[in-house]
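Colleague:
In my numbering, the protein residues as written are 280 to 341.
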């Protein structure tokens, strides 16, 4: 599933570059949207890592 998300982000980046050749403002909007998706993905990965480590700690105690 992660592989498909990376392909989607790559397609968005290519589309952004194609649009940038014609309209700079639209390219900036696409870059902001891409950045938001990237930040959300990083936050999701960070939360998954913290939940995993806390569950390991919990299983060690009990």
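Glycine is no exception: its CB is placed at the ideal position from the N, C-alpha and C atoms.
Just so we're clear, the structure is a prediction, and the values are computed from it rather than from any experiment.
So what does DSSP say about residue 302, is it helix, strand or coil?
Modeller: Shown here, residue 302 sits in coil according to DSSP, grouped into three states, outside any helix or strand.
Colleague: Cβ atoms of residue 306 and residue 314: under 8 Å apart, would you say?
Modeller: no
Colleague: Taking the CB atoms as reference points, tell me whether residue 283 and residue 316 lie closer together than 8 Å.
Modeller: For residue 283 and residue 316, no; Cβs fall outside 8 Å.
Colleague: What number of angstroms, rounded off, separates the C-alpha of residue 310 from the C-alpha of residue 322?
Modeller: 18 Å
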